[in-house]
Amino acid sequence: SQTIHQWPATLVQPVGSPLSLECTVEGTSNPNLYWYRQAAGRGLQLLFYSVGIGQISSEVPQNLSASRPQDRQFILSSKKLLLSDSGFYLCAWRPKATGPREKLFFGSGTQLSVL
Amino acid sequence: QQQVKQSPQSLIVQKGGISIINCAYENTAFDYFPWYQQFPGKGPALLIAIRPDVSEKKEGRFTISFNKSAKQFSLHIMDSQPGDSATYFCAASNSGSSYKLIFGSGTRLLVRP
Chain H
1 SQTIHQWPAT LVQPVGSPLS LECTVEGTSN PNLYWYRQAA GRGLQLLFYS VGIGQISSEV
61 PQNLSASRPQ DRQFILSSKK LLLSDSGFYL CAWRPKATGP REKLFFGSGT QLSVL
Chain P
1 QQQVKQSPQS LIVQKGGISI INCAYENTAF DYFPWYQQFP GKGPALLIAI RPDVSEKKEG
61 RFTISFNKSA KQFSLHIMDS QPGDSATYFC AASNSGSSYK LIFGSGTRLL VRP
């Protein structure tokens with residue numbers, strides 16, 4: 001069965017510090033991968049998605065970047081965090097070629113607090 | 001045009017009552033409309049989904065009603081239970097756009113015992 005791992009679960013970082021959140025998917029190959037952010041009391045905002053290794057699409061101009069160095073690894077980064085980067089970050093994956101094409105599977109999220 | 005508008009922001013229902021959450025969209029190219037359920041500190045999970053070729057889909061106590069002409073769809077939770085207390089998100093996607101899901105702003109549901 002497929003599983004998605006996202007870490008860390010919680011993170012407290014000072015303003016101006018770097019960020020690296022990692023997400024890995026097991027049990028599938030060549031998935032579409034996504035990073036979403038959920039601000040307190042708000043909906044899910046799509047930040048980045050990737051259809052393959054090294055292929056990143058950015059949805060919202062911001063202080064963050066994403067990379068996909070391996071097929072099932074998706075990394076969210078920042079060189080210098082801002083207060084506004086605080087939020088609940090969710091990694092998700094979707095099968096590409098088989099199975100329920102539209103179903104999105106989410107990780108358990110990272111609660112990021114920038115102080 | 002890519003937005004999905006969801007209401008209400010929060011909802012309190014007595015146990016056994018009906019919970020109704022509404023969503024509206026503008027993009028007529030959307031062809032898939034799921035609802036996700038999220039418990040605190042967890043990622044959302046797919047609850048039920050519908051395509052625009054049907055007006056209603058029912059799974060257990062959960063029903064999606066879809067009105068294509070009005071560009072609206074809603075989630076009905078029958079016989080609401082305290083365990084249904086969670087945040088619910090509607091979403092929409094267009095099969096021509098890499099299946100990117102556009103989410104509504106969420107509804108926090110509290111079912112009182």
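Residue numbers (the working numbering), protein chains in the order written: chain H, 1 to 115; chain P, 1 to 113.
Glycine included, each C-beta is placed from N, C-alpha and C at the ideal position.
Can you tell me whether residue i is buried or exposed, with buried defined as 16 or more other CB within 10 angstroms of its CB?
i	result
residue 19 of chain H	buried
residue 15 of chain H	exposed
residue 86 of chain P	buried
residue 25 of chain H	buried
residue 16 of chain P	exposed
Roughly how many whole angstroms lie between the Cα atoms of residue i and residue j?
i	j	result
residue 65 of chain P	residue 114 of chain H	40 Å
residue 27 of chain P	residue 5 of chain P	12 Å
residue 24 of chain P	residue 103 of chain P	11 Å
residue 58 of chain P	residue 83 of chain H	43 Å
residue 48 of chain P	residue 91 of chain P	11 Å
residue 94 of chain P	residue 32 of chain P	7 Å
residue 36 of chain H	residue 71 of chain H	19 Å
residue 80 of chain H	residue 64 of chain H	9 Å
residue 44 of chain P	residue 103 of chain H	11 Å
residue 73 of chain P	residue 10 of chain H	35 Å
residue 19 of chain P	residue 44 of chain H	22 Å
residue 17 of chain H	residue 3 of chain P	33 Å
residue 52 of chain H	residue 66 of chain H	12 Å
Could you work out which residues of chain H lie near residue i, taking near to mean beta carbons separated by less than 9 Å?
i	result
residue 42 of chain P	106, 108 and 109
residue 45 of chain P	105 and 106
residue 60 of chain P	Correct list: empty, because the minimum Cβ distance to chain H is about 18 Å.
residue 89 of chain P	43 and 44
Interface residues of chain H around residue i at Cβ under 8 Å?
i	result
residue 86 of chain P	What residue 86 of chain P touches in chain H: nothing, since even the nearest Cβ is about 14 Å away.
residue 32 of chain P	102
One question on the structure: do residue i and residue j come within less than 8 Å of each other, judged by their Cβ atoms?
i	j	result
residue 74 of chain H	residue 90 of chain H	no
residue 80 of chain P	residue 54 of chain P	no
residue 109 of chain P	residue 11 of chain P	yes
residue 78 of chain P	residue 61 of chain P	yes
residue 88 of chain P	residue 9 of chain P	no
Taking C-beta pairs closer than 7 Å, name the residues in chain P that residue i reaches, listed in chain order.
i	result
residue 27 of chain H	Under the 7 Å cutoff, chain P gives no residues; its nearest Cβ is about 17 Å from residue 27 of chain H.
List, in chain order, every chain P residue whose beta-carbon is nearer than 9 Å to that of residue i.
i	result
residue 21 of chain H	In chain order: nothing, as chain P lies at least about 13 Å away.
Under 7 Å Cβ-Cβ, which residues of chain H neighbour residue i?
i	result
residue 93 of chain P	102
Which residues in chain P sit within 8 Å of residue i, going by Cβ to Cβ distance?
i	result
residue 42 of chain H	105 and 106
residue 76 of chain H	Those do not exist, as residue 76 of chain H stays about 15 Å from chain P at its closest Cβ, beyond 8 Å.
residue 90 of chain H	43 and 44
Runs of alpha helix (DSSP H) lying entirely within the region 31-115 of chain H, each at least 4 residues, in chain order: none
Ignoring anything shorter than 3 residues or poking outside the region 41-87 of chain P, list the beta strand (DSSP E) runs there in chain order. 45-50, 56-59, 62-67 and 72-77
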